[in-house]
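All remarks here apply to the structure that follows.
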Amino acid sequence: MCVYLVEELQVDINAANESGATPLIYAVLGGIVYTVSYLLDHGANPDKPNEQGRAPLHLAVEQGNCEILKVLLVKGADVDSSSDCGTPLHIAAVKSHDGCMKILLDHHADCNKVFSTFYTPLIAALMVRSLKCVKLLIKAGADIKGVGTFTPLIAAATEGLTDFYKCLLEAGADPNVPDENRRKDVEILLPVTSRIPSVYDWSVDGIITYVNKNVQDDPMYKIRPADLKLEGSRA
């Protein structure tokens with residue numbers, strides 16, 4: 001039927017209905033790899049979005065369909081196209097589709113693209129507790145410092161995600177990066193951080209005072225965060 005409509009009746013292959021859905025979008029949603037490939041070969045626009053701003057690539061990732069995702073990328077779909085819910089990489093993170101995420105990253109998707117002020121793919125992966133996606137993003141070069149004061153480390157600490165917190169520290173995240181007045185970050189991180197022996201007053205005020213006075217001169221300052229946590233657990 002598709003071949004007949006395109007080749008015999010010569011219908012507009014990029015025509016959209018009232019919701020902005022094109023034949024390609026329907027093929028993607030239906031998971032029909034052959035039809036997706038056929039439409040692309042005959043001039044379908046791989047980046048034409050529906051009324052929500054979601055292109056075929058966003059929808060393929062939503063569906064978790066790696067085969068269709070590969071076809072779209074090979075045919076030139078924009079790997080970083082924006083929509084009402086971010087880029088395809090944001091969607092892969094939110095859906096915990098690590099297979100799709102790997103494909104996107106292999107095609108050089110921007111792992112630091114910001115959506116809605118501070119929402120990076122790494123933050124998205126943390127919020128849905130997808131450790132596989134977090135590791136993939138870090139390996140691809142995701143910025144572990146984050147944007148503004150709501151950092152990936154703060155997100156992990158806020159949600160009580162110990163494994164994620166350790167993963168970020170091992171990747172080099174700085175647990176001492178403050179917010180505008182430092183206090184908020186310390187309050188959040190304190191409950192999930194092992195005690196550092198050289199900080200005698202293990203309270204929010206005590207830690208802030210210690211850091212302000214002499215942290216750069218203390219030998220503990222030169223130890224990696226992962227080592228600090230190990231030392232604290234032995235105390």
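The opening residue of the sequence shown carries number 1 in UniProt numbering; numbering runs sequentially from there. For every residue, glycine included, the Cβ atom is placed at its ideal position computed from N, Cα and C. Please read all numbers here as calculations on a predicted model, not as lab measurements.
- Under the Cβ criterion (8 Å, minimum of three pairs), the region 111-130 does not count as touching the region 63-71.
- The three-state reading of DSSP puts residue 200 in coil, since its state is none of H, G, I, E or B.
- When DSSP states are grouped into helix, strand and coil, residue 114 belongs to the coil group.
- Annotation for residue 74: the continuous alpha helix (DSSP H) segment containing it runs 66-74.
- In the structure shown, residue 147 adopts extended strand secondary structure according to DSSP, grouped into three states.
- A distance below 6 Å between beta-carbons, with the five flanking residues on each side excluded, links residue 202 to the following residues of its chain, in chain order: 195.
- Beta-bridge partners assigned by DSSP to residue 38: none are found.
- Pairing residue 128 with residue 94 gives a Cβ-Cβ distance under 8 Å.
- Around the beta carbon of residue 146, 16 or more other beta carbons sit within 10 angstroms, so the residue counts as buried.
- Taking residue 161 as reference, the option from 116, 79, 130 with the minimal CA-CA separation is 130.
- Residue 139 and residue 118 have their C-alpha atoms roughly 20 Å apart.
- Residue nearest to residue 53 within the set 87, 99, 188 is 87 (criterion: CA-CA distance).
- The Cβ neighbour count for residue 47, taken over all protein chains shown within 10 Å, is under 16; the residue is labelled exposed.
- The alpha carbon of residue 191 has as its nearest neighbour, out of 174, 158, 19, the alpha carbon of 158.
- Sequence-distant partners of residue 49 (beyond 5 residues in either direction) whose C-beta falls short of 6 Å from its own C-beta, in its chain, are 55.
- Beyond the five residues adjoining it in sequence on each side, residue 51 comes within less than 7 Å, by CB distance, of 19, 20 in the same chain, given in chain order.
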